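Everything below concerns the one structure shown next.
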Amino acid sequence: MNIGMILLEIDFTPLGKGIAALGAGLGAVGAGLGIGRIGQGALEAMARQPEAMNDLRANMILTAALVEGAAFFAMVIGLLVLFI
Amino acid sequence: MRIFSLIFLFFSVGTEIVYGSAANGDGKKFNAGDFIVHHIKDAYDWHITTIGSHDISIPLPVILFSPGNGFDIFLSNRFEHGKTVVNGYRIEHNHIIAEDGRKFYDISITKNVASLFISVFILLFIFIKVARSYLLNPNKPPRGLVNALEPVLLFIRDDIAKPSIGAGYEKYLPYLMTVFFFIWINNMLGLIPIFPGGANLTGNIATTLVLALFTFIISIVVSKKYFWLHIFNPPGVPIWLKLPIPLMPVVEFMGVIIRPSVLMIRLFANILAGHIIILSFISLIFIFAAINTWLGLSVSAISIAFSVFMSFLELLVAFIQAYVFTILSAIYFGMATEVPHHNKEHH
């Protein structure tokens with residue numbers, strides 16, 4: 128029995144699920160970094176120009192939602208691997 | 478402080494109801510995955526709770542159409558959880574299958590559809606009242622319900638539609654307000670753990686697909702020549718990116734398709750993720766209670782505190798997602814209807 132046959136015998140489903148979880152986690156890391164940078168930028172801008180706070184807040188939420196969308200792609204793919 | 482203890486009590490009761498449906502089944506081992514999937518998926522009946530081994534659920538009408546046999550309409554409790562065959566149809570793992578393998582179309586009033594009707598009823602009730610009051614007393618200060626909604630209506634008009642669309646924004650206001658309030662109210666109904674809420678409507682990809690399709694179709698219908706010129710001949714791009722192989726036009730055209738699909742995925746995944754997180758916190762109680770009762774009790778305190786926190790966060794997300802969907806739709810309409818103004822500044 129060669130290596131290929133042994134590999135075919137092993138059930139990789141748990142490994143695949145683990146990798147799916149890892150992928151979703153990596154997506155969350157990226158989104159966390161991105162949203163952190165947005166928060167940093169918005170806070171610095173608010174400290175410089177408190178009178179523009181309302182505009183800045185609205186744009187901050189919008190940009191954070193856009194970044195979050197990217198993270199949710201990772202999550203959806205993770206869920207697809209887990210449940211389908 | 479009293480309001481917090483009331484909220485805490487409310488969520489504890491909510492958790493008790495979930496506890497009933499999760500643990501008291503028929504002595505089966507608790508499976509967190511099945512429990513979560515059961516709560517986020519669409520169903521043919523509206524499950525409320527399980528007492529002992531007796532399910533309490535609201536049966537919903539099943540409407541099936543097969544080209545040979547015509548319509549079959551009956552309540553979903555006639556299936557008796559897959560034990561009986563009704564008019565040649567059987568239910569198996571939440572899917573209806575025909576015994577003789579004939580082709581049929583399923584247009585049943587499922588849990589999500591019923592929830593859709595409830596939310597539409599609430600929206601019609603509120604907005605017909607508000608619109609009538611504006612129509613009858615245009616010069617009086619707003620009172621009651623109108624007063625409560627006016628800041629939100631003005632927010633959509635002045636902070637979403639006006640800056641993103643520019644001139645001629647009035648035409649899009651009915652759609653933007655409808656989509657905003659539809660998403661908002663359905664997000665919030667999804668957070669209520671018991672009957673009038675509890676369906677995961679905006680966390681269903683079919684619902685968000687239809688909403689995103691509306692935005693897509695409107696933005697295509699109203700689009701002007703300038704928008705398509707920008708896509709097929711983007712200005713300020715080196716000519717070798719356009720001529721032998723139309724690289725930039727292809728990328729730009731893909732953007733037109735990707736924008737509504739991202740709109741669809743974002744709303745769906747946000748709401749689904751919120752539901753899954755709250756349900757996971759509640760599942761933790763039963764996972765630990767299976768090890769030791771006292772461990773389960775002590776974990777439940779932490780779990781409930783976290784689910785209350787997540788529920789508040791979800792209340793915020795419910796608004797933010799409605800806002801994001803609306804403002805992105807408005808921005809796409811603005812992009813589609815943009816006309817070249819060299820003397821005015823662009824967004």
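So the protein sequences, as listed, match chains D and S.
Residue numbering for the first sequence follows the numbering used here, starting at 128 and increasing by one per position.
Residue numbering for the second sequence follows the numbering used here, starting at 478 and increasing by one per position.
A virtual CB, placed ideally from N, CA and C, is assigned to each residue, including glycine.
None of the values given here were measured: they were computed from a predicted structure.
T526(S) has I533(S) as its beta-bridge partners, per DSSP. Between D522(S) and L541(S), the C-beta gap is not smaller than 8 Å, which leaves the two residues out of contact.
Counted as a single uninterrupted DSSP element, the beta strand (DSSP E) harbouring H572(S) occupies residues 572-575.
Taking 4 residues as the minimum length, the alpha helix (DSSP H) runs contained wholly in the segment 684-719 of chain S are 702-709, in order along the chain. Looking from the CA of F763(S), the closest CA among L774(S), G578(S), D532(S) belongs to L774(S). Listed in chain order, the positions of the segment 163-189 of chain D with a beta carbon within less than 7 Å of a beta carbon of chain S are A185, I188, L189. Every alpha helix (DSSP H) stretch that sits fully inside the segment 616-689 of chain S and reaches 4 residues is listed by chain position as 621-632, 639-642, 650-668. If the five residues before and after L650(S) are omitted, its C-beta is found closer than 8 Å to the C-beta atoms of I633, R634, A638, all from its own chain and listed in chain order.
I540(S) sits in a strand when the DSSP states are folded into three classes. By the neighbour-count criterion, in which a residue is buried when 16 or more other Cβ atoms sit within 10 angstroms of its Cβ, H752(S) is buried. Per DSSP, the unbroken alpha helix (DSSP H) holding I755(S) starts and ends at 724-768. Closest in C-alpha terms to T190(D), from the list Q176(D), G168(D), F200(D), comes G168(D). For R743(S), the nearest CB of chain D lies under 8 Å from its own CB, placing it at the interface with that chain. DSSP places I550(S) within a strand segment (E or B) once states are collapsed to three. For the pair A158(D) and E195(D), the CB atoms are nearer than the 8 Å cut-off.
Residue contact with chain S for F199(D): present (Cβ-Cβ distance below 8 Å to some residue of chain S).
One alpha carbon belongs to H570(S), the other to S738(S), and they sit about 29 Å apart. Among the residues facing chain D, V801(S) is included, as its CB has a counterpart in that chain under 8 Å away.
Among the bridge pairs identified by DSSP, Y809(S) is matched with none.
Residue state for D138(D) is assigned as coil, using DSSP reduced to three classes.
DSSP, reduced to helix, strand and coil, places D519(S) outside both helices and strands of the structure shown, so it counts as coil. Short of 6 Å from the beta carbon of A766(S), and not among the five residues preceding or following it, lie these beta carbons of its own chain, in chain order: G773. Here M654(S) is near L630(S), since their CB atoms are less than 8 Å apart. V816(S) carries a coil assignment under DSSP once its states are collapsed to helix, strand and coil. With a beta-carbon spacing of about 13 Å, Y809(S) and R743(S) fall beyond the 8 Å limit used to define contacts.
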